[in-house]
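Note sheet for the following structure.
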Amino acid sequence: NQVTGKIAQLDFSEKLPIRSQDEIGELSQNINYLSEQMEGYITKLQRDLDKERQLESVRKEFIAGVSHELKTPLAVIRSCLSILRDGIAAEKRDHYFEAMENEVQRMDSLVVNMLDLAKFESGTYRPDMNPFRIDLTISEVCQSLAEQMKGKDLNIDLRLSPWTVIGHEGLVNRVISNFLSNAIRHTPPGKTITVSTDDRGEWVEISAANQGSQILEGDLQKIWTQFYRGEERSSKSGTGLGLSISKEILELHQASYGVENTDDGVRFFFCLRKAK
Numbered sequence: 520n521q522v523t524g525k526i527a528q529l530d531f532s533e534k535l536p537i538r539s540q541d542e543i544g545e546l547s548q549n550i551n552y553l554s555e556q557m558e559g560y561i562t563k564l565q566r567d568l569d570k571e572r573q574l575e576s577v578r579k580e581f582i583a584g585v586s587h588e589l590k591t592p593l594a595v596i597r598s599c600l601s602i603l604r605d606g607i608a609a610e611k612r613d614h615y616f617e618a619m620e621n622e623v624q625r626m627d628s629l630v631v632n633m634l635d636l637a638k639f640e641s642g643t644y645r646p647d648m649n650p651f652r653i654d655l656t657i658s659e660v661c662q663s664l665a666e667q668m669k670g671k672d673l674n675i676d677l678r679l680s681p682w683t684v685i686g687h688e689g690l691v692n693r694v695i696s697n698f699l700s701n702a703i704r705h706t707p708p709g710k711t712i713t714v715s716t717d718d719r720g721e722w723v724e725i726s727a728a729n730q731g732s733q734i735l736e737g738d739l740q741k742i743w744t745q746f747y748r749g750e751e752r753s754s755k756s757g758t759g760l761g762l763s764i765s766k767e768i769l770e771l772h773q774a775s776y777g778v779e780n781t782d783d784g785v786r787f788f789f790c791l792r793k794a795k
């Protein structure tokens with residue numbers, strides 16, 4: 520009676536001793552089993568509720584961030600349409616159409632990234648992992664970004680070894696592209712971006728280091744948050760989701776990752792397991 524009273528108060532700390540093989544012993548055993556089962560269910564329910572509260576908080580922040588990010592392109596498009604409708608500066612008609620097209624592309628990229636981020640955060644997506652040459656993947660990304668680097672007169676220093684790693688090549692390609700695009704945005708003209716692969720035992724460390732302004736110490740962890748842009752490195756380009764998506768992809772790979780200030784800039788890095 521004492522133990523079942525505690526169970527009714529959701530206190531599962533006490534268990535009944537089994538002293539006989541008769542009906543009382545069987546009843547005690549069943550009460551103990553019931554107590555263990557209820558404790559397990561309630562613990563799981565508590566975890567689910569905590570997770571749901573956390574997801575609700577993230578969801579609200581996400582919606583607020585998206586709403587904020589969409590305001591600027593919509594305002595630009597509305598302004599351009601108003602100017603075109605009123606016939607003001609007709610000679611700049613092509614300029615306004617180009618501005619609207621750029622904002623539409625930005626919104627399209629934002630929506631695509633939002634959907635991808637939701638997929639990665641769902642906990643149900645499992646990417647296929649296969650061996651691939653990380654140096655070839657990095658070279659492919661660098662080639663795709665060559666025009667951007669040339670446009671800013673940036674130098675690229677590749678220090679790559681032919682390591683074969685395990686992962687989803689397409690998603691890893693995206694991480695490297697996000698890291699390098701971020702480096703390009705924050706590297707002054709004429710400076711250098713260094714991309715390297717380093718042996719870390721069972722792992723290969725991939726890093727992208729750029730010369731330029733450092734990140735405030737208080738922002739080093741915050742930059743992985745959706746739509747977060749530090750004061751010293753604020754930029755209107757991009758969607759504000761690149762590093763958040765990279766974080767989710769790397770966690771899907773169970774990879775360690777991080778960012779740190781260097782003597783003359785910033786270094787982003789992550790590790791992938793070597794293929795056996």
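Take 520 as the starting number for the sequence shown in the numbering used here and just add one per residue.
Beta carbons are placed, not taken as given, at the ideal position from N, Cα and C, and that holds for glycine.
Only a predicted model underlies this, so the values are computations on that prediction, with no experimental measurement involved.
query, result
"Between the Cα of Lys611 and those of Cys599, Val694, Val631, spot the shortest distance and give me the residue it belongs to.", "Cys599"
"Candidates Asn674, Lys570, Thr744: which alpha carbon is nearest Ile764's?", "Thr744"
"Whole angstroms is fine: what's the gap from Asp541's alpha carbon to Tyr776's?", "59 angstroms"
"For Ala665, collect the residues of the same chain with a Cβ closer than 6 angstroms to its Cβ; drop the 5 residues on either side in sequence, then sort them by chain order.", "none"
"Excluding the five sequence neighbours on either side, which residues of its own chain have a C-beta within less than 6 angstroms of the C-beta of Ser726, listed in chain order?", "Ser715, Arg786, Phe788"
"Helix, strand or coil for Ala608? Go by DSSP, reduced to three states.", "coil"
"Would a C-beta distance cut-off of 8 angstroms place Leu679 and Asp717 closer than the cut-off?", "no"
"Please state if the CB of Lys525 and the CB of Asn551 are separated by a distance shorter than 8 angstroms.", "no"
"Ends of the alpha helix (DSSP H) at Gly686?", "From DSSP, Gly686 is part of no alpha helix (DSSP H) but of the beta strand (DSSP E) over 683 to 686."
"Give the straight-line distance between the Cα atoms of Arg693 and Leu629, rounded to the nearest whole angstrom.", "15 angstroms"
"By Cβ distance below 6 angstroms, which residues in the same chain neighbour Leu677 in space, the five residues on each side in sequence not counted?", "Val714"
"Is the closest heavy atom of the ligand NAD to the C-beta of Tyr644 under 7 angstroms?", "The ligand NAD is absent from the structure shown, which contains no ligands of any kind."
"Quick one: give me the first and last residue of the beta strand (DSSP E) that Ile712 is part of.", "711 to 719"
"Is the beta carbon of Phe464 less than 8 angstroms from the beta carbon of Glu688?", "Any question about residue 464 goes unanswered here, given that the chain covers just 520 to 795."
"Does any C-beta atom of chain C lie closer than 8 angstroms to the C-beta of Ile725?", "Among the chains in the structure shown there is no chain C, since it carries only a single protein chain."
"Can you tell me whether Asn729 is buried or exposed, with buried defined as 16 or more other CB within 10 angstroms of its CB?", "buried"
"Would you call Arg625 buried or exposed, if buried means 16 or more other Cβ atoms sit within 10 Å of its Cβ?", "buried"
"For Thr656, count neighbouring C-beta atoms within 10 Å of its own C-beta (all shown protein chains included) and say buried if the count is 16 or more, exposed if not.", "buried"
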